[in-house]
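Numbering (our numbering), first residue to last: -19 to 181.
Glycine is no exception: its CB is placed at the ideal position from the N, C-alpha and C atoms.
Just so you know, these numbers come straight off a predicted model, no measurement behind them.
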Amino acid sequence: MKQAKQTRKPPHHAHMRHAVRSDAPHYVVRRSKIHGSGVYAAREIPKGTRIVEYLGERISHAQADARYEAKGQDDGHTFLFVVNSKLVIDAGVDGNDARFINHSCDPNCETVIEGGRVFIEAVRDIRKGEELGYEYGLTWESTDDPDELANYACRCGAAKCRGSMLDPVPLDKQRKQKAKRKAAKKKAAPVRSKAQPKARK
Ligand SMILES: [Zn+2]
């Protein structure tokens, strides 16, 4: 009995060690094999951990378009994050380390949008030294310049790499699909109202 007690670590010490560990930074920025700089786990990061907020200047889509399309600065290293139809975060201005997190086709992180703010969270347990990545799903239109789109080729190295950081379906096609679904619903509506009285019998 006595021996067992002696081998147990003092609880206070254990608590201190835990406190130090959870204060340690989650990540470090260094050169990436994938693209420019990357963000790497500086320690083990458990699934569900909120790692960092995506910060930058909060602007409209029109402002973002004017800023980058006009200047022709679309070189595949975009720092624009589309939050919703009204808001874009430009991490090229007042951005933090989150802007260096690369796209991955087999991501260990995801973005969570809460009250117009964007957070990057671990979707699985991440080992120390692993590069952090999330699915960019960049929006594009089928009328976009193919040379420009080629800048968004993916070299993440994942077994299921789809070769692109772009959303699989361009925006214009997504809109068409949505319109079709709406039209189909409208057509279906009178049929449904007819069916209802039948069901009551
Ligand atoms: Zn990939």
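query, result
"Three-state secondary structure (DSSP) of residue 83", "strand"
"8 Å contact criterion, which residue 32 and residue 78 should meet: CB distance rounded", "5 Å"
"Sequence-distant residues of the same chain with beta carbon closer than 7 Å to residue 73, five excluded per side", "36, 37"
"Separation of residue 134 from residue 98, as counted between CA atoms", "23 Å"
"Cβ-heavy atom distance, residue 139 to ligand 1, below 7 Å", "no"
"DSSP three-state assignment for residue 146, whether helix, strand or coil", "strand"
"Those residues which DSSP pairs with residue 141 across a bridge", "Note: residue 141 sits in no beta bridge, so no partner."
"Option in 120, 86, 129, 126 with minimal Cα separation from residue 111", "86"
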